[in-house]
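As numbered in mature numbering (1 follows the signal peptide of the UniProt record, and there is no 0), residues -18 to -1, 1 to 135 make up the sequence shown, in order.
In this text, a Cβ means the ideal position worked out from N, Cα and C, and glycines have one as well.
No experiment lies behind these values; they were computed from the predicted model shown.
Reviewing the structure listed below.
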Amino acid sequence: MRKILAVLLAAFCLVLVAGCSDTSAKDVDLKEILGKFNSDFDLSDNMKEITDVNDLNKYYSIDTNDVVSFAAEIDTSGLDEIVLVQAKDAEAAARVEEKLQARYDSRSKEIASYSPENYEIMKKCEVKTDGNYVRMILAESAQEMAEVYNSYF
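Quick look at the structure:
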């Protein structure tokens, strides 16, 4: 009986230790995800890549000190806009999400006033935070793109 109890206690401790171990999020290559979007989905031909972190501040008012890495493209003449950000920590991610949500809300109001069909597309798009990663995907295929994005985590 003691041996069985000892084995059960050891198994319980092993499960407890494994369950409480640090499982930090893996690093995700956001540029790779953006490349996958470009190869797998029909995005606008007018997409402009944002490569300088200072442009994130220019377009979205995102504090450059909050950003570890990012990948972004914006359609210079239409709806499509993709911003993927790895923030420094949870507080930075919350600030990035707030800025991207403000951009989403602004674009929604703008598009609602002149393009009902694009507004219907916008309603299916979202800003979402996953740990220290924040994404805003505005595109007709946003839901499918979100699935691809989630597959990297």
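A buried status is given to F19, since no fewer than 16 other beta-carbon atoms sit within 10 Å of its beta-carbon.
Shown here, Y96 sits in coil according to DSSP, grouped into three states, outside any helix or strand.
When the Cα atoms are used, A75 and L16 turn out to be separated by approximately 19 angstroms.
For Y42, the enclosing alpha helix (DSSP H) covers residues 35 to 42. A residue is called buried when at least 16 other Cβ atoms come within 10 angstroms of its Cβ; Y96 does not meet this threshold and is exposed. S51 sits in a strand when the DSSP states are folded into three classes. In this structure, the straight-line span from the alpha carbon of R117 to that of Y134 is close to 13 angstroms.
Taking C-beta atoms under 8 angstroms as the contact rule, L12 and Q68 qualify, at a distance of about 6 angstroms.
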